[in-house]
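**Q** Okay, here's the structure, questions in a sec.
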Amino acid sequence: MKRILAASLFGLSLATSGLAYAEPVKIGVITTLSGGGAGLGIDARDAFQLAIKQSGNKDIELVVEDDAQKPELAVQIAEKMIQGDKVDLMTGIIWSNLAMAVVPNTVAQDVIYLSVNAGPSALAGANCNANYFNVAYQNDNFHEGMGEYANKDYKNTFILAPNYPAGKDALTGFKRYYKGALSGEVYTQVGQTDYAAEIAQIRASGADSVYFFLPGGMGIAFMKQYAQSGVGIPVMGPAFSFDQDVLPAVGDAALGVKNSASWSPDLDNEASKAFVQAFKAEYNRLPSVYAAQSWDTANLILSALSKASVKDKDAFRAALKAADFKSVRGDFTFNTNQHPIQNIYVREVVKDGDVLTNKIVATAFEKHKDAYAEQCGL
Amino acid sequence: MFTALLIEQLLNGLQLGVMLFLMAAGLTLIFGVMGLINLAHGSLYMIGAFACAVVASATGSFWLGLIASLVAAAGVGALIEVAVIRRLYDRDHLDQVLATFALILILSEGARWLFGSFPLYLDIPKLLQGAVPLPGGGQYQLYRLAIIAVGIVVAVGLYLLIARTRLGMRIRAGESDREMIAALGVDISTLYTVVFALGAALAGLAGALVGALQSVQVGMGEPVLILAFVVIVIGGIGSIKGALVGAVIVGVVDTMGRFLLPSLLALTMPAAQATTIGAALASMLIYVVMALILAFRPSGLFAAQS
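Going down the list, the protein sequences come from chains R and U.
Take the first sequence: its position 69, counting from 1, is numbered 69 in UniProt numbering, and each next residue is one higher.
Take the second sequence: its position 183, counting from 1, is numbered 183 in UniProt numbering, and each next residue is one higher.
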């Protein structure tokens with residue numbers, strides 16, 4: 001009986017394989033669901049699952065695994081997903097050091113990888129790959145936006161980031177557009193929770209402003225300690241330091257701080273409004289930039305699946321590259337290196353009732369491209 | 001300006017050291033008296049921080065939260081001592097490591113299940129907000145000074161407890177010969193539970209104090225646990241005095257390394273390189289110091305006789 005059932009299912013699947021989206025599609029999602037960086041991964045996973053659920057597409061199977069923010073673990077999981085689960089697509093990694101460990105090996109095995117967050121410069125230039133799509137940004141982008149915006153008010157900035165690929169990209173990006181002087185440049189440990197030594201250096205540096213990139217728990221710790229230190233020099237950062245995942249824990253210390261992003265909950269377009277509403281209804285909290293990027297990734301995949309079969313790699317890659325979906329970020333196209341061309345906004349932390357959130361106050365760049373696309377041979 | 005910076009960094013090192021001492025004191029006491037390696041000590045630190053955050057946000061009082069952190073950590077500590085740890089005293093260290101590692105996973109996932117993965121909010125009490133002026137023209141965060149004060153009070157209190165009280169006498173006796181004091185009619189299993197709960201309460205206190213400064217989240221205890229182990233290895237396993245000295249050494253060396261190494265290297269190489277290499281070297285520095293100390297004093301600075 002079982003065999004008959006299996007045979008008829010097999011026959012059915014053969015019969016319907018002409019229809020693009022009726023075949024089963026397996027998507028591997030490796031993301032950070034435990035430890036200090038879990039808030040980011042959980043937002044990304046939740047948004048991705050919600051987008052798939054809303055599409056009503058029953059043929060998509062998600063394989064979700066926790067990488068615990070450890071590169072060695074992420075590599076093992078990726079290997080298991082490719083060899084064991086035979087996934088068609090992979091996505092989900094938040095941290096650039098994990099992306100550097102997983103992505104090159106994945107795309108070399110002809111599995112398409114779509115990044116929901118990490119965008120290390122090493123994968124955007126000469127080492128770009130036809131199987132690698134970055135739906136979020138190239139790491140430098142948000143920081144470039146803030147560097148440009150900082151020119152307005154500041155002449156002498158102290159900059160700070162963790163010592164890993166995204167941290168170096170962050171400060172490189174900031175420096176690319178910032179014209180003022182740097183009164184200090186410090187790299188901290190990834191996962192560091194005490195910033196007393198760095199705050200003392202900031203105090204002694206004579207800076208007129210501080211730019212810091214510290215995502216997740218690192219940013220919470222820094223902001224709380226900075227607010228209490230009596231230093232009082234104005235701070236700014238990318239959205240990662242002031243996003244929805246960290247604001248409740250930082251509290252009012254973040255009020256009024258400027259930060260840069262490709263998206264904000266108040267961005268005025270239909271797709272964004274629908275997304276914020278759906279996310280709030282499902283999870284009872286405001287979505288972060290990580291959630292927005294992940295939502296876009298899921299919708300990009302859905303748009304490509306409606307055009308081409310995931311088994312026909314060339315057609316599927318072309319369908320992805322067309323980016324024929326309604327992005328919550330408004331206009332969204334891929335550059336030649338398959339990284340986004342998008343607007344970068346400056347936001348300000350405000351209080352909406354009791355909830356701390358962000359509001360767009362300026363546009364730093366329109367249709368911004370990353371600095372590495374020219375080196376890409378695609 | 002440089003003297004002010006130096007004083008501030010020394011205080012930072014001292015504050016980190018004092019916080020590590022609260023962790024290491026419990027760890028070394030438990031190891032010294034019961035011969036038990038307790039990896040779950042970091043989870044007790046986390047429990048203290050969570051209890052403080054939850055009670056502080058429910059009642060609006062940080063001080064009630066602080067009491068709750070002591071009670072919760074001591075309570076959970078006593079509970080796991082009776083339920084799990086008690087069965088491990090006669091086993092070898094590998095079994096203890098395995099079982100207490102399992103406790104880490106259970107307690108972390110339990111906390112995640114109860115409170116979610118997003119960090120909780122815990123702020124510094126009104127009384128200790130802000131900064132105070134330092135000699136030399138600098139300023140220093142009042143709350144960090146308060147942590148240093150708490151650490152000194154706890155160190156003195158522990159010294160008096162162990163040197164001057166009946167309980168302390170039993171703890172010292174238990175450290176040197178557990179069969180003998182059992183034969184003398186001391187209820188050894190109650191003594192063990194009390195010592196374990198005491199160590200847990202200190203870890204919980206550290207978690208609550210630091211939670212207001214950093215972020216209260218699942219997994220916050222494990223990085224501190226590693227440093228606490230470095231401290232007790234440097235100080236000599238089982239010695240409270242060693243834990244205090246080791247903690248201050250680790251705190252000061254770590255802070256000064258992070259601050260001085262990049263600027264020292266900048267004298268000989270380009271600034272961008274110096275900051276990256278300096279940051280990498282600074283993160284190894286305490287382990288280098290530990291290796292050096294162990295090379296000359298293989299059982300640590302103040303090894304307890306055993």
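Glycine included, each C-beta is placed from N, C-alpha and C at the ideal position.
This one's a predicted model, so the numbers in the text were calculated from it and none came from an experiment.
Spatial neighbours of E198/R within its chain, please: CB distance less than 7 angstroms, with the 5 preceding and 5 following residues excluded, ordered by chain position.
**A** Working through the first sequence from its first residue, we reach residue 198/R at position 198. L160, V186, T188.
**Q** Could you tell me the distance, in whole angstroms, from the CA atom of L205/U to the CA atom of M34/U?
**A** Locating residue 205/U in the second sequence gives position 205, counting from the first residue. Locating residue 34/U in the second sequence gives position 34, counting from the first residue. Going by the C-alpha atoms only, they are around 22 angstroms apart.
**Q** Nearest by alpha-carbon distance to A74/U: which of V248/U, F62/U, L64/U, G48/U is it?
**A** Here residue 74/U refers to the residue found at position 74 when the second sequence is read from its first residue. It is G48/U whose Cα lies nearest to the Cα of A74/U.
**Q** Kindly list, in the order they appear in chain B, the residues whose Cβ is closer than 8 angstroms to that of I152/U.
**A** Of the protein chains in this structure, namely R and U, none is chain B.
**Q** Alpha carbon to alpha carbon, what distance is there between F325/R and Y21/R?
**A** By one-based count along the first sequence, residue 21/R stands at place 21. By one-based count along the first sequence, residue 325/R stands at place 325. Only weak support exists for where Y21/R lies, its pLDDT of 46 falling under 50; the value from the coordinates is given anyway. Between Y21/R and F325/R, the C-alpha separation is close to 16 angstroms.
**Q** Do Q138/R and A371/R come within 9 angstroms of each other at the CB atom, strictly closer than that value?
**A** Looking up residue 371/R in the first sequence gives position 371. Looking up residue 138/R in the first sequence gives position 138. Yes. Within cutoff.
**Q** Give me the chain U residues within the contact set of T188/R, using Cβ-Cβ distance strictly less than 9 angstroms, ordered along the chain.
**A** Translated into positions along the first sequence, residue 188/R becomes position 188. Residues of chain U passing the Cβ test: R258, A279.
**Q** Just confirm the distance between the C-beta atoms of F213/R and S241/R, as a whole number of angstroms; I'd bet it's less than 8 angstroms.
**A** Position 213 of the first sequence, counted from the first residue, corresponds to residue 213/R. Position 241 of the first sequence, counted from the first residue, corresponds to residue 241/R. With a Cβ gap of about 6 angstroms, F213/R and S241/R count as contacting.
**Q** Using a beta-carbon distance cut-off of less than 9 angstroms, what residues from the stretch 206-226 of chain U approach chain R?
**A** Correct list: V210, A212, L213, Q214, S215, V216, Q217, V218, G219, M220, E222, P223, V224.
**Q** What does a CB cutoff of less than 8 angstroms around I206/R pick up in its chain, not counting 5 residues either side in sequence?
**A** On the first sequence, position 206 is the one that residue 206/R refers to. One detail in the question is off: residue 206/R reads as Gly in this sequence, not Ile. Taken in chain order, the residues that qualify are N156, S183.
**Q** Along the chain, which unbroken stretches of the alpha helix (DSSP H) at least 4 residues long are found entirely within the stretch 185-229 of chain R?
**A** DSSP runs (the alpha helix (DSSP H)) wholly in the stretch 185-229 of chain R: 196-205, 217-228.
**Q** Beta-carbon separation of D331/R and K369/R under 9 angstroms?
**A** By 1-based counting over the first sequence, the position of residue 331/R is 331. By 1-based counting over the first sequence, the position of residue 369/R is 369. No, they are not a contact pair.
**Q** Output the distance between the C-alpha atoms of G28/R and A47/R, rounded to the nearest integer angstrom.
**A** As a first step, residue 28/R must be located in the first sequence, where it is residue number 28. As a first step, residue 47/R must be located in the first sequence, where it is residue number 47. If I take the Cα positions, the gap works out to 15 angstroms.
**Q** Using three-state DSSP, classify R347/R as helix, strand or coil.
**A** For the purposes of this step, residue 347/R is taken as the residue at position 347 of the first sequence. Here R347/R sits in strand by DSSP.
**Q** Please state if the CB of G151/U and the CB of residue 307/U are separated by a distance shorter than 9 angstroms.
**A** An answer regarding residue 307/U cannot be provided, because it is not within the stretch 1 to 306 covered by chain U.
**Q** Going by C-alpha distance, which of T91/R, V250/R, L320/R, Q49/R is nearest L120/U?
**A** For the purposes of this step, residue 120/U is identified with residue 120 of the second sequence, where counting begins at 1. Nearest C-alpha to L120/U: V250/R.
**Q** If you reduce the DSSP assignment to three classes, tell me which class V100/R lands in.
**A** Residue mapping note: residue 100/R aligns to position 100 of the first sequence, counting from 1. The question names Val, but residue 100/R is Met in the sequence shown. Note: M100/R maps to helix in three-state DSSP.
**Q** Would a C-beta distance cut-off of 9 angstroms place Q76/R and I94/R closer than the cut-off?
**A** Taking the first sequence and counting its residues from 1, the one referred to as residue 76/R is at position 76. Taking the first sequence and counting its residues from 1, the one referred to as residue 94/R is at position 94. No, they are not a contact pair.
**Q** Considering only DSSP beta bridges, list what M236/R is partnered with.
**A** On the first sequence, position 236 is the one that residue 236/R refers to. DSSP output for M236/R lists Y211/R, K258/R as bridge partner(s).
**Q** If you check the beta carbons only, do L198/U and G26/U fall under 9 angstroms apart?
**A** Position 198 of the second sequence, counted from the start, is the residue given in the question as residue 198/U. Position 26 of the second sequence, counted from the start, is the residue given in the question as residue 26/U. Yes, the pair counts as a contact, with Cβ atoms nearer than the cut-off.
**Q** Can you pull the chain U residues whose beta carbon is under 9 angstroms from the beta carbon of T193/R, in chain order?
**A** Along the first sequence, one-based indexing puts residue 193/R at 193. Neighbours of T193/R on chain U, chain order: V210, L213, Q214, S215, M220, P223, V224.
**Q** Count the other C-beta atoms from every protein chain shown that fall within 10 angstroms of the C-beta of T190/U, then say buried if there are 16 or more, exposed otherwise.
**A** The residue you call residue 190/U lines up with position 190 of the second sequence. Answer is exposed; the Cβ neighbour count stays below 16.
**Q** Which full runs of the beta strand (DSSP E) of 3+ residues lie inside the stretch 50-103 of chain R, going along the chain?
**A** Within the stretch 50-103 of chain R, the complete beta strand (DSSP E) runs of at least 3 residues are 60-66, 89-91.
**Q** Going by beta carbon distance, what residues of the same chain come within less than 8 angstroms of Y143/U, once the five residues before and after it are set aside?
**A** The residue given as residue 143/U occupies position 143 in the second sequence. Closer than 8 angstroms at Cβ, skipping near neighbours: I124, L128, Q129, A212, L213.
**Q** Would you mind working out which of V210/R, F222/R, D194/R, Q277/R sits nearest G13/U, comparing C-alpha positions?
**A** The count along the second sequence starts at 1 and reaches residue 13/U at position 13. Cα-wise, what sits closest to G13/U is D194/R.
**Q** Report all residues from its chain with a CB closer than 7 angstroms to the CB of Y140/U; omit the five preceding and five following residues, and keep chain order.
**A** If you number the second sequence from 1, residue 140/U lands on position 140. These residues qualify, in order along the chain: E8, L11, A131, V132, L134.
**Q** Express the C-alpha separation of V25/R and E61/R in angstroms, rounding to a whole number.
**A** Here residue 61/R corresponds to residue number 61 of the first sequence, with the count starting at 1. Here residue 25/R corresponds to residue number 25 of the first sequence, with the count starting at 1. Approximately 6 angstroms between the Cα atoms of the pair.
**Q** Going by the CB atoms, is the gap between A228/U and H93/U shorter than 9 angstroms?
**A** In the second sequence, the residue the question calls residue 93/U occupies position 93. In the second sequence, the residue the question calls residue 228/U occupies position 228. Cβ atoms of H93/U and A228/U: not closer than 9 angstroms.
**Q** I'd like to know whether the C-beta of N12/U is nearer than 9 angstroms to at least one C-beta of chain R.
**A** If you number the second sequence from 1, residue 12/U lands on position 12. Yes, N12/U counts as interfacial toward chain R.
**Q** Report the residues of the stretch 107-119 of chain U with a CB closer than 9 angstroms to any CB of chain R, ordered along the chain.
**A** Answer set for the stretch 107-119 of chain U: S108, E109, R112, G116, S117, F118, P119.
**Q** Could you name the residues of the same chain whose beta carbon sits closer than 7 angstroms to that of Y154/R, not counting the 5 residues immediately before and after it, in chain order?
**A** Reading the first sequence from its first residue, position 154 is the one you call residue 154/R. Correct list, in chain order: G180, D208, S209.
**Q** If you scan the stretch 263-311 of chain R from start to end, which runs of the alpha helix (DSSP H) of 4 or more residues do you find wholly inside it?
**A** Complete alpha helix (DSSP H) runs here, min 4: 270-283, 289-305.
**Q** At the level of alpha carbons, what is the spacing between residue 379/R and N343/R?
**A** Outside the shown range of chain R, which is 1 to 378, sits residue 379/R, and nothing can be said about it.
**Q** Residues of chain R with a CB under 9 angstroms from the CB of residue 307/U: which are they?
**A** This structure cannot speak to residue 307/U, because chain U is shown only from 1 to 306.
**Q** Check whether chain U comes within 9 angstroms of A181/R, counting only Cβ atoms and requiring the distance to be less than that.
**A** For the purposes of this step, residue 181/R is taken as the residue at position 181 of the first sequence. It does not; no Cβ of chain U falls within 9 angstroms.
**Q** Going by Cα to Cα distance, which pick from K86/R, D59/R, G145/R, S309/R is closest to Q109/R?
**A** Your numbering for residue 109/R matches position 109 in the first sequence. Q109/R has its Cα closest to that of K86/R, out of K86/R, D59/R, G145/R, S309/R.
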